[in-house]
Each structure stands twice: as structure tokens, then as C-alpha cells.
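Participant:
Residue numbers (the numbering used here), protein chains in the order written: chain W, 978 to 1089; chain P, 4 to 117.
Below is the structure:
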């Protein structure tokens, strides 16, 4: 069966520091991968999606970036965090023959 | 363009009462529709999905939803609320295209009163 992992689970970072969040999927090949952000009390905002290694599409201009160095690995990064980057970050995947997004457990990021 | 609205950002029901969470969508073609549940500090879990088969879809934890094309609705129901149903619920829509971008509604927070 397929599983999706995210780490770290929680992170507290100062403003201006770098960021690296990792997402990995097991049990499937060539998944579509997604990064979402969920601000406190708000819905989901799609940040990036990827349909293959090295292929990244950005949905919202911001100081975040994403990379996909391996088929089942998706990384969210920032060179300098802002206070507004605080939130709950969710990674999701879909398979080539499925129509459903499956979500990871999320990373709670607090920028102070 | 697709869109999803969820009427009521917060719904409270008594334990044992009917749960009804409303979802309306806008789409130029019949879409796929989903309901997800999110417990505090957790990821989203799929409750059920509609993919153009039966219009009444049964999901996990006793939830079900009915696709009504004429009303462009996909409301979520459960006959009897449990305390464990307290969570955030998201309705979502996806076009039946090769790229499966999903549009999520703003969410409805369900409280269950003992």
C-alpha cells in the first residue's frame, strides 16, 4: 500500500532563516505531488505541484520554492522566512491512474 | 472556472442528531467531487468521492453524500452524530482532465455537543 511521509512534524524558525520541508511517498511510482499551505482558520492554498522529476509548477508567487530531486521526493524550501510563512504545510499525492489526492500528516511551521 | 462553496463555516449539532454539511460547486462539465475530514493538527483524510457512478455515495465513518446535478450540490450527511465526528470538513472538486488539480472549499468546522 502507499504511504506518504512528511518531516519534520513541527518546526519553529526565526524570521530570515532558511527552510526545508520534505515529503516522500512510498509504494507508488511517478506520482503527481503537491504542496499546500493552510493558514490558521483558513482553507487550503495550493503552492506547488509536480508531475515528474525536476518539473515544478508554482501556483502562488512567494518567497517559497519547491524541488523534486527524486521520483517520490518533494521538497519545499525558502531562503529567508517571513512571519506570513507560518502555517500548516501539507503534501499530497495522486497516482497516474487515480483521481484522488492523498495527504501526508503535515508540518506545523511557526515563524517568530 | 471551478469553484466550491460550503455554507456555514461552523456547524454545531447535538450528539445523536443528524449531521448535514452543505457543499455547492460550479463547473462547466460534470466534475469529480470529494469530501475530506481533518482532525486537529493532522492531514486530510478522504471520506468519500463521487466519480459519475451512483449519485448516492457512501463513505467511511457512516457518512454519505448525494450528487445532485440540477442543484450543483454534494451535501454530506450522517444520521447520528458522534463526539468523534468533531473536525473540519472540506468539500473539493476536480475536473476530469489529465491534470488533477483539486479545488477545495473553505471548510466547515463541525462541533458535536454532548
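Here a beta-carbon is modelled for each residue, glycine too, at the ideal position from N, C-alpha and C.
Using beta carbons (cut-off 8 Å, strictly below), is residue 1045/W in contact with chain P?
Facilitator: no
Participant: Measuring straight from C-alpha to C-alpha, what distance separates residue 999/W and residue 990/W?
Facilitator: 16 Å
Participant: Mind checking if residue 1078/W is an interface residue toward chain P, Cβ cutoff 8 Å exclusive?
Facilitator: Closer than 8 Å: yes.
Participant: Quick check on the burial criterion: 16 or more other C-beta atoms within 10 angstroms. Buried or exposed for residue 1003/W?
Facilitator: exposed
Participant: Could you tell me the boundaries of the beta strand (DSSP E) in which residue 107/P lies?
Facilitator: 105 to 107
Participant: Would residue 11/P be called buried (16 or more neighbouring beta carbons within 10 Å of its own) or exposed?
Facilitator: With fewer than 16 other Cβ atoms from the protein chains shown falling within 10 Å of its own Cβ, residue 11/P counts as exposed.
Participant: Considering just the uninterrupted stretch of the beta strand (DSSP E) at residue 1084/W, what are its terminal residues?
Facilitator: Counted as a single uninterrupted DSSP element, the beta strand (DSSP E) harbouring residue 1084/W occupies residues 1084 to 1088.
Participant: Taking Cβ positions, are residue 84/P and residue 115/P nearer each other than 8 Å?
Facilitator: yes
Participant: Name the one or two DSSP bridge partners that residue 999/W has.
Facilitator: 984/W and 1052/W
Participant: Got a sec? Which residues, its chain only, sit under 8 Å from residue 21/P by beta carbon, not counting five neighbours each side?
Facilitator: Excluding five sequence positions before and after residue 21/P, the CB atoms of its chain that fall closer than 8 Å to its own CB belong to 80, 81, 82, 83 and 84, given in chain order.
Participant: For a quick check, are the C-beta atoms of residue 1072/W and residue 1008/W less than 8 Å apart?
Facilitator: yes
Participant: Taking the C-alpha atoms as reference points, what is the distance between residue 40/P and residue 1056/W?
Facilitator: 33 Å
Participant: Can you give me the C-alpha to C-alpha distance between residue 29/P and residue 1068/W, rounded to a whole angstrom?
Facilitator: Roughly 25 Å separates the two Cα atoms.
Participant: Return the CA-CA distance between residue 65/P and residue 88/P, expressed in angstroms with no decimal places.
Facilitator: 10 Å
Participant: Expressed to the nearest angstrom, what Euclidean distance is found between the alpha-carbon atoms of residue 994/W and residue 1060/W?
Facilitator: 11 Å
Participant: Can you tell me whether DSSP reads residue 994/W as helix, strand or coil?
Facilitator: DSSP, reduced to helix, strand and coil, places residue 994/W outside both helices and strands of the structure shown, so it counts as coil.
Participant: Taking 8 Å as the CB-CB cut-off, is residue 1082/W touching chain P?
Facilitator: yes
Participant: If you count every other CB in all the chains shown that lies within 10 Å of the CB of residue 1014/W, and 16 or more means buried, which is it?
Facilitator: buried
Participant: Considering residue 37/P, what are the terminal residues of the beta strand (DSSP E) in which it resides?
Facilitator: 35 to 41
Participant: If you drop the 5 nearest sequence neighbours on each side, which residues of the same chain put their C-beta closer than 6 Å to that of residue 62/P?
Facilitator: 50 and 51
Participant: If you measure between the beta carbons of residue 1066/W and residue 1058/W, is that distance less than 8 Å?
Facilitator: no
Participant: Cα separation between residue 108/P and residue 35/P?
Facilitator: 14 Å
Participant: Does any CB atom of chain W fall closer than 8 Å to the CB of residue 49/P?
Facilitator: yes
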